[in-house]
Amino acid sequence: MTREEIENIVAMQKDFFLTGETLDVSYRLDSLKNLYTNIQVMQNEICEALYKDLGKSSTEAYMSEVGMVLSEIRYMIKHIKKFAKEKRVKTPIAQFCAKSFVKPSPYGVVLILSPWNYPFLLTMQPLVDAISAGNTVICRSSEHSPNVTRVMDKLIRRTFRKEHVYDVLGGVEESTMLLEQKVDYIFFTGSTRVGKIVLEKASENFVPVTLEMGGKSPCIVDKTADLKLAAKRIVFGKFLNCGQTCVAPDYLYCDESIKDELLKEVKRQVVLQYGLDPIDNELYGKMVNKKSYDLSMRHLKEDNILFGGRHDEERLKIEPTIIQANFDDLCMKEEIFGPILPVVTFSELDEAINFINANDAPLALYIFSSSKENEQKVIRNCKFGGGCINDTIMQIATHEMGFGGIGKSGMGAYHGKVGFDTFTHYKSIVDKKTWIDLPIRYQPYNSKKDKMIKMFMK
Ligand code: NAD
1170 MTREEIENIV AMQKDFFLTG ETLDVSYRLD SLKNLYTNIQ VMQNEICEAL YKDLGKSSTE
1230 AYMSEVGMVL SEIRYMIKHI KKFAKEKRVK TPIAQFCAKS FVKPSPYGVV LILSPWNYPF
1290 LLTMQPLVDA ISAGNTVICR SSEHSPNVTR VMDKLIRRTF RKEHVYDVLG GVEESTMLLE
1350 QKVDYIFFTG STRVGKIVLE KASENFVPVT LEMGGKSPCI VDKTADLKLA AKRIVFGKFL
1410 NCGQTCVAPD YLYCDESIKD ELLKEVKRQV VLQYGLDPID NELYGKMVNK KSYDLSMRHL
1470 KEDNILFGGR HDEERLKIEP TIIQANFDDL CMKEEIFGPI LPVVTFSELD EAINFINAND
1530 APLALYIFSS SKENEQKVIR NCKFGGGCIN DTIMQIATHE MGFGGIGKSG MGAYHGKVGF
1590 DTFTHYKSIV DKKTWIDLPI RYQPYNSKKD KMIKMFMK
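Numbering (this note's numbering), first residue to last: 1170 to 1627.
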C-alpha cells in the first residue's frame, strides 16, 4: 500500500467521524450486532485459519479467541447505552448556580496494531471496545499469521463500511506509514521493542496510546501449595498455544524444598493433558514460524533438560519442556515465547520478591500457596500488571477487570468497561446558569470579597 493510499484512508475516516454517525449509540449497536452475526457465520473459517497459522485445535481457538470476542460483543451490547450516557456530578457551592456533568466522547480515528499469537482476539477485542466507544478504526494485524489476517480482512469488509473500520494489509512498512499519520489514538499489542517505536512515533503528534506488551511473568509456588492442582493449572497456562501466550507463566519459581515433588506433578500433568507424544498430538499447537522456533530452541542445552525436549523442525513442533535454569542463563534474561519452562528455586519467599522487583515489572504474576499471608505478601510487594492466586492466565477472561501491564510490560488497559474507558475521552462540563452572576470572583477585590471567597472555598 502506498503512503498516499494510507493518507486517504485516514482522511476518509476523519471525515466520516466528523459526520457524527458513530456518536449515535444505535449505529454502534447495529455495528456490533452485524459483527457478532458475521463472526458466527465465519466461525469455522476463522478456526481453520488459526489451525493453519498456529496449529490451534478448534476447542482452543474457540476458548481462547473466538468465544472471548463474542463474549466481549455481548457485554458491550448489554452495557453500551449506560456507558455512553452523560453522568451528572456534584457542583461545588462556590460555582453557584451551575450543573456539572461528564460527557463520554470518542477520540476519533483509532489505529490498532496487533501481534500474531492470538491474532483474532488481539485485533477484534480492542476493535469491539473502540467501536463501542464510538470511534472509527484502522487495524493492521500481523503479517506472521497470514491466514487469520486474510479471514479477518474478509470479515471486516463484510461487516463495516470502510470509513468506519478499515483493515490495512501489509507488513512493517505499512505499520510505519500508519504510525506517521495523525490519528487520534493508538492501541498497540506486541513486543517491548516495537512498543518503544510506537511510543516515540505517537509522541511526535501527542497521540495517546495504550501499549500491551510482554515480559517475564513469574510463577511462584511455595511449600504450602496444593502441588497437584498447581501443576495442572501451570501446565494449562504454560503450554496453551504452544507457550506463545503473553501472560503464560514464563518461569517456575518454587521453594527448593518442594521442587522435586512439584516437577513430578508437572511431568505427570504434561502426559495427562498432552499424551506421551505431544509432537504428534494434533490438539497441541505449533510454533508460528522458523524464527520463533529457533528462538525457543536456543534455550535447550544437552545438560539442562529435565523433561521433554523432543522437537520437529519441519513441523515447527517443540514438546512441552522443563529446563533447569540459573539466574544468569539467557532463559532468565529474555521473555520465552515458546513451550519451554525454566525452573529456579528460593529458600525464603523474600528472595523471590526481591528478584522480581529487581527486574522489569512483568505483565503477569502467579502465586500458588495455601498461606494467605504469603499470597498477600507477594501481591502487595511485587510490581506487575495482573495475575492469579492459585491459577494461571484466567485474569484476562473477565469483563469486570481491566487487562494491561505496567512499565515495560505495558501502559493502559482494556476489556469490558475499562476497554470502553480506554477509547473514550471524558469531557468535564460546567453548565453555568445565566439568571444569576455572583460578583465575588471578579476584580476589583476588597476585604469583603476576600472573606466571602475564603468562606465559599472551605
Ligand atoms: P511485534 O512487536 O514484533 O509486532 C506487533 C505488531 O507491530 C505487528 O502488527 C507488527 O506488524 C508491528 N511491527 C513490527 N515491527 C514494527 C516496526 N518496526 N514498526 C512498526 N510496527 C511494527 O510482536 P509480535 O512478535 O507480533 O508478538 C509477540 C510479542 O507480543 C511478545 O513480546 C508478547 O509478550 C507480546 N504480546 C503482548 C500481549 C499483551 O496483551 N500484553 C499479547 C500478545 C503478545
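Every residue gets a Cβ at the ideal spot worked out from N, C-alpha and C, and that includes glycine.
Are residue i and residue j touching if we call contact CB-CB under 8 angstroms?
{"i": "residue 1339", "j": "residue 1360", "result": "no"}
{"i": "residue 1412", "j": "residue 1509", "result": "yes"}
{"i": "residue 1307", "j": "residue 1208", "result": "no"}
{"i": "residue 1576", "j": "residue 1530", "result": "yes"}
{"i": "residue 1228", "j": "residue 1402", "result": "no"}
{"i": "residue 1357", "j": "residue 1381", "result": "yes"}
{"i": "residue 1300", "j": "residue 1197", "result": "yes"}
{"i": "residue 1203", "j": "residue 1328", "result": "yes"}
{"i": "residue 1390", "j": "residue 1355", "result": "no"}
{"i": "residue 1514", "j": "residue 1424", "result": "yes"}
{"i": "residue 1398", "j": "residue 1430", "result": "no"}
{"i": "residue 1475", "j": "residue 1512", "result": "yes"}
{"i": "residue 1332", "j": "residue 1456", "result": "no"}
{"i": "residue 1594", "j": "residue 1372", "result": "no"}
{"i": "residue 1238", "j": "residue 1289", "result": "yes"}
{"i": "residue 1681", "j": "residue 1183", "result": "The first residue shown for the chain is 1170 and the last is 1627, placing residue 1681 beyond what the model contains."}
{"i": "residue 1314", "j": "residue 1285", "result": "yes"}
{"i": "residue 1568", "j": "residue 1231", "result": "no"}
{"i": "residue 1489", "j": "residue 1507", "result": "no"}
{"i": "residue 1546", "j": "residue 1518", "result": "yes"}
{"i": "residue 1191", "j": "residue 1303", "result": "yes"}
{"i": "residue 1605", "j": "residue 1622", "result": "no"}
{"i": "residue 1223", "j": "residue 1526", "result": "no"}
{"i": "residue 1542", "j": "residue 1558", "result": "no"}
What first and last residue would you give for the alpha helix (DSSP H) that runs through residue i?
{"i": "residue 1522", "result": "1518-1527"}
{"i": "residue 1371", "result": "1361-1373"}
{"i": "residue 1552", "result": "That residue, residue 1552, is in no alpha helix (DSSP H); it is neither H nor E in DSSP."}
{"i": "residue 1315", "result": "1315-1328"}
{"i": "residue 1336", "result": "Counting along the chain, residue 1336 falls outside any alpha helix (DSSP H), though it belongs to the beta strand (DSSP E) covering 1334-1336."}
{"i": "residue 1593", "result": "No alpha helix (DSSP H) contains residue 1593, which is instead part of the beta strand (DSSP E) from 1593-1601."}
{"i": "residue 1216", "result": "1194-1223"}
{"i": "residue 1298", "result": "1290-1301"}
{"i": "residue 1345", "result": "1341-1348"}
{"i": "residue 1619", "result": "1616-1625"}
{"i": "residue 1435", "result": "1428-1443"}
Quick one, which of the options has its alpha-carbon nearest residue i's?
{"i": "residue 1532", "options": "1471, 1355, 1414", "result": "1414"}
{"i": "residue 1130", "options": "1481, 1420, 1612, 1350", "result": "Missing from the structure shown is residue 1130; the chain here goes from 1170 to 1627 and no further."}
{"i": "residue 1590", "options": "1570, 1372, 1419, 1599", "result": "1570"}
{"i": "residue 1246", "options": "1485, 1457, 1195, 1355", "result": "1195"}
{"i": "residue 1297", "options": "1371, 1622, 1325, 1181", "result": "1325"}
{"i": "residue 1537", "options": "1270, 1580, 1388", "result": "1388"}
{"i": "residue 1320", "options": "1606, 1214, 1394", "result": "1214"}
{"i": "residue 1170", "options": "1525, 1219, 1309", "result": "1309"}
{"i": "residue 1550", "options": "1563, 1564, 1579, 1520", "result": "1520"}
{"i": "residue 1394", "options": "1459, 1497, 1526, 1535", "result": "1535"}
{"i": "residue 1578", "options": "1269, 1494, 1555", "result": "1555"}
{"i": "residue 1588", "options": "1615, 1362, 1253", "result": "1253"}
{"i": "residue 1405", "options": "1436, 1500, 1608, 1542", "result": "1436"}
{"i": "residue 1235", "options": "1210, 1250, 1248", "result": "1210"}
{"i": "residue 1311", "options": "1458, 1283, 1323", "result": "1283"}
So, under 8 angstroms CB-CB, residue i and residue j are touching, yes? Tell me the CB distance rounded to an integer number of Å.
{"i": "residue 1573", "j": "residue 1582", "result": "3 angstroms"}
{"i": "residue 1378", "j": "residue 1367", "result": "6 angstroms"}
{"i": "residue 1487", "j": "residue 1465", "result": "6 angstroms"}
{"i": "residue 1408", "j": "residue 1462", "result": "Actually they do not touch by this definition, with Cβ atoms about 15 angstroms apart."}
{"i": "residue 1334", "j": "residue 1592", "result": "13 angstroms between Cβ atoms; not a contact."}
{"i": "residue 1348", "j": "residue 1337", "result": "At roughly 12 angstroms, the Cβ-Cβ gap does not stay under 8 angstroms, so residue 1348 and residue 1337 are not in contact."}
{"i": "residue 1125", "j": "residue 1175", "result": "Because the chain is modelled from 1170 through 1627, residue 1125 falls outside the range shown and cannot be assessed."}
{"i": "residue 1385", "j": "residue 1504", "result": "6 angstroms"}
{"i": "residue 1140", "j": "residue 1272", "result": "Since the displayed the chain opens at 1170 and closes at 1627, residue 1140 lies outside it and no answer follows."}
{"i": "residue 1317", "j": "residue 1441", "result": "At roughly 30 angstroms, the Cβ-Cβ gap does not stay under 8 angstroms, so residue 1317 and residue 1441 are not in contact."}
{"i": "residue 1267", "j": "residue 1620", "result": "Not confirmed; about 22 angstroms, so no contact."}
With residue i as the anchor, note down where its beta strand (DSSP E) starts and where it stops.
{"i": "residue 1308", "result": "1305-1309"}
{"i": "residue 1358", "result": "1354-1358"}
{"i": "residue 1282", "result": "1278-1282"}
{"i": "residue 1265", "result": "Element bounds for residue 1265: n/a, residue is neither H nor E."}
{"i": "residue 1248", "result": "Not the beta strand (DSSP E): residue 1248 falls in the alpha helix (DSSP H), residues 1236-1253."}
{"i": "residue 1381", "result": "1378-1381"}
{"i": "residue 1490", "result": "1490-1493"}
{"i": "residue 1387", "result": "1387-1390"}
{"i": "residue 1534", "result": "1533-1537"}
{"i": "residue 1408", "result": "Taken as a continuous stretch (DSSP letters only), residue 1408 belongs to no beta strand (DSSP E), being part of the alpha helix (DSSP H) at 1396-1408."}
{"i": "residue 1572", "result": "Run containing residue 1572: none; DSSP gives neither H nor E here."}
{"i": "residue 1228", "result": "Where residue 1228 is concerned, there is no enclosing beta strand (DSSP E), although the alpha helix (DSSP H) it sits in stretches over 1227-1230."}
{"i": "residue 1611", "result": "Element bounds for residue 1611: n/a, residue is neither H nor E."}
Distance cutoff 8 angstroms, beta carbons only. Does residue i sit that close to anything in chain D?
{"i": "residue 1253", "result": "Absent here is chain D; the protein component of the structure consists of one chain."}
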